[in-house]
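Residue numbers 15 to 170, in my numbering, belong to the letters of the sequence shown in order.
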Amino acid sequence: MARYGFAIDTVRCVGCNNCSLTCKVENNLPNEVWWSRAMTVGGEEEFTPGVDGAGNLYLDYYTLGCQHCDNPACVKVCPAGATWKDEETGIVRQDYEKCLGCRMCMAACPYTGVRSFNWEEPSYELDFATGDGAVPAHQKHTVEKCTMCYHRVNDG
Ligand code: SF4
Ligand code: SF4
15 MARYGFAIDT
25 VRCVGCNNCS
35 LTCKVENNLP
45 NEVWWSRAMT
55 VGGEEEFTPG
65 VDGAGNLYLD
75 YYTLGCQHCD
85 NPACVKVCPA
95 GATWKDEETG
105 IVRQDYEKCL
115 GCRMCMAACP
125 YTGVRSFNWE
135 EPSYELDFAT
145 GDGAVPAHQK
155 HTVEKCTMCY
165 HRVNDG
């Protein structure tokens, strides 16, 4: 099985969130939904510094999204086959049409916040869709997450 992945140099990451914003635009993500986020290490809140053992402040960043795990906990618990690992690419995929909205996958995922649930009909700041037209429409009462831009991978 192939295994696509993202190469991210966390030493060089300055937490600007440009990658997160580009993801949001490409996938026409609804308000409040982020599939990728820049996080800070050690701070009490996002973008607050951590404190080392000597009392010095530091700001370290990393980006967090679905890890497309080798052995995904989310896939094991899904009762509907709505999330699965694509054998050809290694991408953990999600089918909104099959999703029951039970959120078992969110509970099983070891990473906080990489999956999100649309409690309401998705809403948007803009009155037109952004990004790639091949991205499936977001739906109320379904779980969504990073698709590793499967639509682009599919296009080669
Ligand atoms: S949703 Fe969580 S458990 Fe599932 S593949 Fe992504 S990181 Fe792994
Ligand atoms: S919320 Fe959807 S994808 Fe997640 S476990 Fe339930 S049916 Fe599967």
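C-beta: ideal position from N, C-alpha, C; glycine also.
Inset, instruction - Examine ligand 1 and report whether any of its heavy atoms sits within less than 8 Å of the Cβ of Thr161. - result: On the sequence shown, residue 161 is found 147 positions in, with the first residue counted as 1. Incorrect: Thr161 has no Cβ contact closer than 8 Å to ligand 1.
Inset, instruction - Tell me Phe131's beta-bridge partners as DSSP assigns them. - result: The residue labelled residue 131 in the question sits at position 117 within the sequence shown. Val157, per the DSSP bridge assignment.
Legend entry - heavy atom of ligand 1 below 8 Å from Pro124 C-beta: Residue numbering aside, residue 124 sits at position 110 when the sequence shown is read from its first letter. Correct: Pro124 has its Cβ closer than 8 Å to ligand 1.
Inset, instruction - Say whether the region 41-59 touches the region 22-32, bearing in mind that this needs 3 or more beta-carbon pairs closer than 8 Å, one atom from each stretch. - result: Yes: at least three Cβ pairs fall under 8 Å.
Inset, instruction - Look up Lys112 in the DSSP assignment and say whether it is helix, strand or coil. - result: Position 98 of the sequence shown, counting from 1, holds the residue named residue 112. In this structure, Lys112 counts as coil in the three-state DSSP scheme.
Inset, instruction - State yes or no: is the C-beta of Gln108 nearer than 8 Å to some heavy atom of ligand 2? - result: Residue numbering aside, residue 108 sits at position 94 when the sequence shown is read from its first letter. Flag set: Cβ of Gln108 near ligand 2.
Legend entry - Distance CB(Val47)-CB(Gly115) smaller than 9 Å: Here the question's residue 47 lines up with position 33 in the sequence shown. Here the question's residue 115 lines up with position 101 in the sequence shown. No. Outside cutoff.
Inset, instruction - Report, in whole angstroms, the separation of the C-beta atoms of Lys154 and Glu134, which I expect to be a contact under 8 Å. - result: The count along the sequence shown starts at 1 and reaches residue 154 at position 140. The count along the sequence shown starts at 1 and reaches residue 134 at position 120. By a beta-carbon distance limit of 8 Å, Lys154 contacts Glu134. Their separation comes to about 6 Å.
Inset, instruction - Please list, in chain order, all residues of the same chain as Tyr75 whose beta carbon is under 8 Å from its beta carbon, the five residues on each side excluded. - result: Sequence index remark: in the sequence shown, residue 75 carries index 61 (1-based). Annotation for Tyr75: Thr24, Cys27, Val28, Gly29, Ala52, Met53, Thr54, Val55 place their beta carbon closer than 8 Å to its own, counting only its chain and skipping 5 residues before and after.
Inset, instruction - Just the C-alpha distance for Cys160 and Cys80, rounded to the nearest angstrom, thanks. - result: Stepping through the sequence shown from its first residue, residue 160 is reached at position 146. Stepping through the sequence shown from its first residue, residue 80 is reached at position 66. The straight-line gap from Cα to Cα measures roughly 6 Å.
Inset, instruction - Could you name the residues of the same chain whose beta carbon sits closer than 8 Å to that of Pro93, not counting the 5 residues immediately before and after it, in chain order? - result: Here residue 93 corresponds to residue number 79 of the sequence shown, with the count starting at 1. Contacts found: Leu114, Cys116, Met118.
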